[in-house]
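Asker:
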Amino acid sequence: MNFDFEPVYAHHDLLIEIGRVELAMENIEERAGEESSSLLPRLVSRMNNLREALDHLPA
806 MNFDFEPVYA HHDLLIEIGR VELAMENIEE RAGEESSSLL PRLVSRMNNL REALDHLPA
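Printed below as a string of structure tokens:
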């Protein structure tokens, strides 16, 4: 038997990374100042890219 687990790993890895970005976004919201305003757009962009990649994985 030959199983292809690659799509499962990719899906799992994307979900973990989305969780990490969500946590980072929550931590950024608790901060005030210039650091949060410069990091939040990058995190939002990263989140959008991850969700797009997740949407394009084979079912």
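Every number in my numbering is 805 more than the matching position in the sequence shown, counting from 1.
Glycine included, every Cβ here is placed at the ideal spot set by N, Cα and C.
Keep in mind it's a predicted model, so treat the numbers as computed, not measured.
#1: What residue range does the alpha helix (DSSP H) around ARG847 cover?
#2: Going by C-alpha distance, which of HIS861, ALA829, ALA858 and ASP818 is nearest PRO846?
#3: Would you mind working out which of PRO863, GLY824, ASP860 and GLY838 sits nearest LEU848, comparing C-alpha positions?
#4: Return the residue from the list LEU862, VAL826 and HIS817 that minimises the CA-CA distance to SER850.
Answerer: For this structure:
#1: 839–860
#2: ALA829
#3: GLY824
#4: VAL826
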